[in-house]
Amino acid sequence: MGYLERFRLDGRRAVVTGAARGIGFASAEALRDAGAALWLVDREADLVAAAAGRLDARHRALDLRDAAAVEAMAEAVWAEAGGIDVLVNCVGICRNTPVTEIPDDEWREVIDVNLNAMFWSCRAFGRRMAEAGGGSIVNIGSNSGVIADKPQPQAHYNASKGAVHMLTKSLAVELASKGVRVNAVAPSYTLTEMTKLGLANSEWARIWAEMTPMGRFAEPEEIASAVLFLASPASSYTTGSILLVDGGYTSW
Ligand SMILES: NC(=O)c1ccc[n+]([C@@H]2O[C@H](COP(=O)([O-])OP(=O)(O)OC[C@H]3O[C@@H](n4cnc5c(N)ncnc54)[C@H](O)[C@@H]3O)[C@@H](O)[C@H]2O)c1
């Protein structure tokens, strides 16, 4: 197989969560370009339907915090597709509150979406992939799983992303012998809805750019290329990796 062919996903079936917009949509687009058939999942019903229309994909509108609903979705999508080869988990939210003032509900909400929802999907599809004898899972972590961001307070987000990285490694070691690879992409500031508010704060935006050796923020497509690498046979010997795509942010 030629090197470029190793990035192809022809005949493969992929599920992308948090796919209605941002990094999830770009990742889905990358997998589609590589030839995969797609199932998009997001809680934003109208947005995910529109995204699916643009990518010629199937979709499910679903709140991924609901473990039973995720299990039912996995069962239905698996049956519809006749198996799933790739799962990309892009679901996520961020809140900015000083650590000693984070209300219980807000802490739980961030952990529920960023960690628990990813786990429900990894468990549901990982089990089926292991039984079927193979697959590739890519979770979106963050530079915030490696460093504590400056200057905005977001202890729950940072903690959830550190946990996503360790969940990824734990899945990788347990599923390697079943042919399932599990990796994470850890982006830094990327131009999506999530960073819109922060970028509107000129002081935050200045600090973020100053702390990034490349001096700019990522486009979602620059994260999606890394997702495609990890999802495809191009990364056939890579598992348990946390691939930083951060313009050098964590290198200083
Ligand atoms: N944008 C950044 O700077 C950045 C940096 C590092 C990591 N990330 C991570 O990348 C991933 C994608 O973020 P993004 O920047 O594209 O943000 P985004 O807000 O544009 O996209 C997140 C998607 O997740 C969906 N979602 C949220 N909660 C959900 C739930 N409970 N059930 C179903 N869907 C839900 C949203 O509807 C949305 O479509 C997240 O995990 C985020 O933490 C983003």
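Going by our numbering, the sequence shown opens with residue -2, and the numbers climb by one from there.
All C-beta atoms, glycine included, are put in the ideal place defined by N, C-alpha and C.
Predicted model, so just to flag it, every value in this text is computed and none were measured.
Straight-line CA distance for residue i to residue j?
i           : j           : result
residue 69  : residue 44  : 21 Å
residue 66  : residue 167 : 24 Å
residue 190 : residue 175 : 37 Å
residue 83  : residue 238 : 16 Å
residue 25  : residue 208 : 29 Å
residue 97  : residue 9   : 46 Å
residue 211 : residue 76  : 45 Å
residue 243 : residue 139 : 9 Å
residue 195 : residue 152 : 16 Å
residue 105 : residue 1   : 43 Å
residue 58  : residue 7   : 25 Å
residue 171 : residue 85  : 18 Å
residue 143 : residue 41  : 29 Å
residue 125 : residue 35  : 17 Å
residue 91  : residue 119 : 21 Å
residue 102 : residue 95  : 14 Å
residue 248 : residue 20  : 22 Å
residue 197 : residue 123 : 39 Å
residue 183 : residue 246 : 11 Å
Starting from residue i, follow the alpha helix (DSSP H) in both directions and report where the run begins and ends.
i           : result
residue 58  : Segment 55 to 58 is the beta strand (DSSP E) holding residue 58; no alpha helix (DSSP H) there.
residue 43  : 42 to 52
residue 134 : Residue 134 -> not in any alpha helix (DSSP H); beta strand (DSSP E) instead, spanning 132 to 137.
residue 28  : 19 to 30
residue 240 : Element bounds for residue 240: not the alpha helix (DSSP H) but the beta strand (DSSP E), 239 to 242.
residue 116 : 115 to 129
residue 163 : 152 to 172
residue 222 : 217 to 228
residue 212 : Taken as a continuous stretch (DSSP letters only), residue 212 belongs to no alpha helix (DSSP H), as it is neither H nor E.
residue 72  : 64 to 78
residue 112 : Run containing residue 112: none; DSSP gives neither H nor E here.
What first and last residue would you give for the beta strand (DSSP E) that runs through residue i?
i           : result
residue 14  : 10 to 14
residue 102 : Per DSSP, residue 102 belongs to no beta strand (DSSP E); it is in the alpha helix (DSSP H), 101 to 108.
residue 39  : 34 to 39
residue 182 : 177 to 184
residue 86  : 83 to 86
Output yes if chain D places a C-beta closer than 7 Å to the C-beta of residue i; else output no.
i          : result
residue 84 : Among the chains in the structure shown there is no chain D, since it carries only a single protein chain.
According to the Cβ coordinates, are residue i and residue j closer than 7 Å?
i           : j           : result
residue 62  : residue 127 : no
residue 158 : residue 141 : yes
residue 150 : residue 187 : no
residue 169 : residue 117 : no
Please work out which residues of its chain come closer than 6 Å, Cβ to Cβ, to residue i, disregarding the five sequence neighbours upstream and downstream, and give them in chain order.
i           : result
residue 165 : 136, 179, 181
residue 227 : 135, 180
Apart from the five residues on each side of it in sequence, which residues of its chain come closer than 7 Å, Cβ to Cβ, to residue i?
i           : result
residue 88  : 14, 15, 61, 110, 114, 115
residue 219 : 242
residue 99  : 152, 153
residue -2  : none
residue 225 : 4, 27, 28, 31
What whole-angstrom Cβ distance do residue i and residue j have, given they're in contact under 8 Å?
i           : j           : result
residue 80  : residue 17  : Not quite, the Cβ-Cβ distance comes to about 24 Å (not below 8 Å), so this is no contact.
residue 74  : residue 12  : 6 Å
residue 27  : residue 221 : 4 Å
residue 236 : residue 173 : 6 Å
residue 121 : residue 71  : 4 Å
residue 223 : residue 240 : 5 Å
Given residue i, which residues of its chain have a CB within under 8 Å of its CB, disregarding the five upstream and five downstream residues?
i           : result
residue 148 : 200, 201, 204
residue 48  : 16, 17, 18, 22, 25, 37, 39, 54, 56
residue 3   : 229, 230, 231, 233
residue 131 : 82, 175, 176, 177
residue 192 : 186, 214
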